[in-house]
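Only one structure is covered here, and it is reproduced in the block below.
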Amino acid sequence: MLEIGDCAIDLAQIVKATAQSTQIRLSPAAHARVAASRAVVEAYAAGDEPVYGLNTGLGGNLGYRLDPASLAAFQIQMIRGRTIGVGPLFSQAVSRRQLLCRIIGLAQGGAGISPAVLDGMIAIFNRGVTPAMPGRGSIGAGDLGLAAHMGAVVIGRGQAWFADRLMPGAEALAAAGLSPVVLGPKDALGILNTSAVTCGHAASVLADLADLLIFATTAAALSMEGYAANPTIFDARLAAARPADGQTRAAAMFRQILAGSYLHDAPSRSIQDALSFRVLSQIYGPTLAAFDTAVEAVTLEINAAADNPLVLAEDRVILSTANFHTPAIALAFDSLAIALCHLASASLQRTIKLMDPRLSGLPKYLSPVGGASVGFNALQKTASYLHAEIRLKATPASLDSVPVSETVEDHAPNTPLTIRKLEEQVLVLRLLIAIEALTAAQAVDLRGQPVLSAPTAALHAAIRASLPMLDEDREIGPDVDRVNDIAQDAEVLAALRGYFLGLSLNPLLAGG
């Protein structure tokens with residue numbers, strides 16, 4: 021049981037709750053907060069003062085006043101008219117996180133939602149009904165057009181998953197023993213005016229990236245061992261001498277991941293390696309910091325009262341806000357995408373250098389055959405393609421917006437697009453890191469299988485359990501795909517996460 025309302029819910033809790041079908045409930049304090057804010061809405065609904073979205077139209081229709089008799093019908097009209105999402109649906113898991121994010125936001129009291137409506141949404145979540153939402157249609161100035169698909173299910177319309185089957189929303193509610201929720205004044209806007217769709221998607225992408233960063237860190241350490249690189253570059257004194265953002269933490273991470281490696285047992289091959297090996301803490305540090313910034317921005321949004329208009333129950337007033345605007349998240353995701361380019365560039369260079377006998381001291385192209393054998397060399401083309409796509413996905417999406425709604429809404433951060441392109445970047449980056457891991461495993465074998473650190477030995481063993489060492493030219497692309505599967509295997513990831521404990525990492529990175 022996950023209780024909502026007293027403490028901030030972090031992304032690790034959201035991912036865990038939706039993965040394990042956790043039940044949720046409001047705390048007594050949240051119940052009281054929601055009831056108090058609803059009383060303010062009802063007082064305004066009975067009065068004459070214009071309140072955005074309560075007794076006025078939305079956007080360009082701001083000047084239109086609604087009469088009291090039409091408020092109930094306007095709720096249905098608002099949802100139906102703003103159900104504008106298009107394209108493939110978010111996955112059921114992502115949509116479940118999006119619903120949970122909206123429930124958490126409504127529990128803050130700022131929307132003035134009817135307690136019965138919030139209770140109905142909690143029942144929908146607890147009974148396993150998940151609104152189906154298309155993935156495209158929000159520009160990050162709130163997610164009205166996508167959240168409308170969530171609202172549609174609440175009132176018995178739209179589409180939803182139930183028992184892993186997609187069906188009309190009314191059928192899903194009935195199958196779960198539920199009835200459509202009846203909305204009162206401002207309830208539709210309370211459901212729709214949110215960034216919960218953005219945040220649920222962001223939580224999922226960051227969880228995937230956390231797993232990738234653990235895999236990438238371990239693969240980079242395995243490359244260090246395959247290259248017989250100098251590990252003194254991670255000396256704590258060096259990091260402390262210029263403690264740039266995240267650098268000391270990253271250096272400590274690599275010291276821990278390489279503990280017990282043969283690299284510490286004998287003089288290094290070189291006092292100074294190529295930069296792609298030497299700058300690991302310098303590039304992983306800012307990446308970890310950028311990851312933290314994105315997590316913090318999303319977590320804040322989920323647990324905030326980011327509604328417009330905002331009900332201030334203690335002062336019994338309702339004020340218009342722009343708290344639905346999410347440039348902080350958009351900028352964080354654009355920055356994170358750029359940071360991942362640096363990881364990708366260094367990974368590509370380590371892969372190439374492992375194949376160069378002049379630099380690695382290993383057989384050309386890591387082929388034990390020699391002669392005309394291509395070994396791993398052809399994979400450099402694949403890696404180069406992947407690197408180019410990763411760079412493409414780093415193009416900022418938050419820089420451009422088009423005025424809409426009679427130019428009243430004339431700025432947008434395009435936050436959902438920054439998240440979507442990072443999701444696509446993560447898929448490609450994982451393939452690039454899979455090439456590095458596969459190459460590093462071959463290099464370690466050619467170096468006579470020296471004593472590896474515990475985590476790199478675990479990754480090497482997982483690769484070799486599925487793929488033999490390359491001893492003749494063979495179809496190598498499928499090998500990369502297999503390592504990509506290994507990088508997402510639940511047992512392998514759980515084992516690798518264990519080596520990252522105690523590093524003061526974000527709970528998502530630590531698997532918490």
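Using the numbering used here, read the sequence shown as starting at 21 and increasing by one per residue.
Just so it is clear, CB atoms sit at the ideal spot from N, CA and C, and this is done for glycine as well.
Owing to the predicted nature of the structure, the values given are computational and were not obtained by experimental measurement.
Item                                                                                                                                                                           : Value
Leaving out five residues before and five after arginine 289 in sequence, what residues of the same chain have Cβ atoms less than 7 Å from its Cβ?                             : Ala248, Gly381
Assign glutamate 69 to one of three DSSP states: helix, strand, or coil.                                                                                                       : coil
Spatial neighbours of glycine 25 within its chain, please: CB distance less than 6 Å, with the 5 preceding and 5 following residues excluded, ordered by chain position.       : Leu46, Ser47, Ala49, Ala50, Ala127
Could you tell me if the beta carbon of phenylalanine 353 falls within a distance shorter than 7 Å of some heavy atom in the ligand COA?                                       : In the structure on display, the ligand COA does not appear, and there are no ligands present to speak of.
Which one or two residues does DSSP pair with glutamine 179 in a beta bridge?                                                                                                  : Pro188
Can you list, in chain order, the residues of its chain with a C-beta nearer than 6 Å to that of alanine 461? Leave out the 5 residues immediately preceding and following it. : His480, Ile483
Flag this pair as yes or no: are the beta carbons of serine 425 and glycine 105 separated by less than 8 Å?                                                                    : no
Quick check on the burial criterion: 16 or more other C-beta atoms within 10 angstroms. Buried or exposed for alanine 154?                                                     : Checking the displayed sequence, the identity of residue 154 turns out to be proline instead of alanine. Looking at its Cβ environment, which holds 16 or more other Cβ atoms inside 10 Å, proline 154 is buried.
Based on Cα-Cα distance, which residue from Gly130, Gly83, Leu212 lies nearest to histidine 169?                                                                               : Leu212
Within the continuous beta strand (DSSP E) that includes valine 337, where are the two ends?                                                                                   : 337 to 339
Just to check my reading of the structure: asparagine 434 and isoleucine 159 have Cβ atoms closer than 8 Å, yes? What is that Cβ distance to the nearest angstrom?             : 6 Å
In its own chain, which residues sit with a C-beta less than 6 Å from the C-beta of glycine 130, not counting the 5 before and 5 after it?                                     : Ala325, Asp327, Leu330, Val331
Between Ser281, Val114, Gly280, which lies nearest to valine 35 when the distance is taken from Cα to Cα?                                                                      : Val114
How is arginine 117 classed by DSSP in three states: helix, strand or coil?                                                                                                    : helix
Under a three-way DSSP split, which group does leucine 74 fall into?                                                                                                           : coil
Return the bridge partner residues of glutamate 429 from the DSSP annotation.                                                                                                  : Val424
Just to confirm, are isoleucine 123 and methionine 98 a CB contact at a threshold of 8 Å?                                                                                      : no
Relative to the alpha-carbon of glutamine 469, which residue among Leu198, Thr218, Glu245 has its alpha-carbon at the smallest distance?                                       : Glu245
Pick out whichever of Ala432, Ile349, Asp68, Ser296 has its Cα sitting closest to the Cα of isoleucine 322.                                                                    : Ile349
In the DSSP assignment, find the alpha helix (DSSP H) that holds leucine 91 and state where it starts and stops.                                                               : 91 to 101
According to DSSP, which residues form a beta bridge with threonine 150?                                                                                                       : Trp181
Check each candidate in Thr150, Arg336, Leu233 and name the one with the smallest Cα separation from leucine 529.                                                              : Leu233
Going straight from the alpha carbon of serine 393 to that of glutamate 492, what length do you get?                                                                           : 8 Å
Let me make sure I understand the geometry here. Which of Asp501, Thr42, Ala271, Gln445 has the alpha-carbon closest to that of alanine 457?                                   : Asp501
Count the CB pairs spanning the region 447 to 457 and the region 502 to 513 that are closer than 8 Å, and state whether there are at least three.                              : yes
Going by the beta-carbon positions, is the gap between alanine 271 and serine 301 smaller than 8 Å?                                                                            : yes
Just the C-alpha distance for aspartate 499 and glutamine 369, rounded to the nearest angstrom, thanks.                                                                        : 20 Å
Helix, strand or coil: which one does DSSP assign to alanine 392?                                                                                                              : coil
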